[in-house]
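Only one structure is covered here, and it is reproduced in the block below.
Numbering (the working numbering), first residue to last: 1 to 202.
Shown next, in the form of C-alpha cells:
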C-alpha cells in the first residue's frame, strides 16, 4: 500500500492533477516552462549553469536531484526570454523497461497517443514524441525515451520537454544581435587524387 502511494505521489509531481488530459503541457518534475529560473533556486545548482555550445542563446545547468529522478538539466533563454525556463531534461531513477512501459501508458492516458516514433527499428533505443500547439501558436515538443545501447544518448529512461517556439525566438534574437555568429554551410572542395587516397581504404 505504501509503495503504491509513493508511485502515485511521483506521478502527481511528474504531471500535476489539474493538467490531466492537457493539450499544452508545461509542467514536468516540479518545473514549469516559461517560469523564471529564480523560482527554482532550491531545485537547481546555479553554479553549474553555462552557455550551451553552438546554442549561445541558452544557458543550461543541473538540477538538485529530486525523489524519482537520477539527474536533470534545465535550460533558460539569454536573449528574447532572459532567465525563462525553455527546456526540461530529466533522467528517471528507475532505468528498467518495465518502468518505461508504465510511464508510456501514463503519458498516453494524460496526453493522448504520441505523434511520432523517434527510436531505432531494433528498439535498442525507444523514443516517442508528442507535439503540441496552443492558441498563441506556441509549440512544445515532448520526448519520452528508453535507451539500453546507444552511447551518445542518455542510458535508461529519460524525458525532454521543450518550448520549441520560444527557443526559435531566442535564436532569432541572438542572430539579430550577433549576425556574424550565424554559421555558414561548410563547403568541401572537390577532393583531388591524393585526398581520395585518404578517403578510400586500400
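Ideal Cβ placement from N, Cα and C applies to all residues, glycine included. Keep in mind that this is a model prediction, so the values were computed, not measured.
Assignment of residue 122 by DSSP, reduced to helix, strand and coil, places it in the coil class. Burial is judged here by how many other beta carbons sit within 10 angstroms of a residue's own beta carbon; residue 109 has fewer than 16 and is exposed. Only residues of its own chain outside the window of five on either side were considered, and among them 37, 61, 62, 63, 64, 74 have a CB closer than 8 Å to the CB of residue 44, listed in chain order.
For the pair of segments examined, the segment 78 to 95 was found not to touch the segment 130 to 137: the number of CB pairs separated by less than 8 Å stays below three.
A direct Cα-to-Cα measurement between residue 177 and residue 163 gives close to 22 Å. Under the three-state reduction of DSSP output, residue 89 falls in the strand class. In the three-state reduction of the DSSP assignment, residue 168 falls in the helix class, which pools H, G and I.
Taking the Cα of residue 114 as reference, the smallest distance to any Cα among 26, 143, 100 is reached at 143.
A residue is called buried when at least 16 other Cβ atoms come within 10 angstroms of its Cβ; residue 77 meets this threshold and is buried. For residue 51, there is no enclosing alpha helix (DSSP H); the residue is part of the beta strand (DSSP E) that begins and ends at 50 to 52.
Between residue 140 and residue 132, the CB-CB gap stays under 8 Å. Nearest Cα to residue 167 within the set 48, 87, 68, 24: 87. Taking a contact as a CB-CB distance under 8 Å, the pair residue 80 and residue 170 counts as one, their CB atoms being some 5 Å apart.
According to DSSP, residue pairing for residue 117 in a beta bridge involves 128. Taking C-beta atoms under 8 Å as the contact rule, residue 97 and residue 146 qualify, at a distance of about 6 Å. Annotation for residue 103: 144, 157 place their beta carbon closer than 7 Å to its own, counting only its chain and skipping 5 residues before and after.
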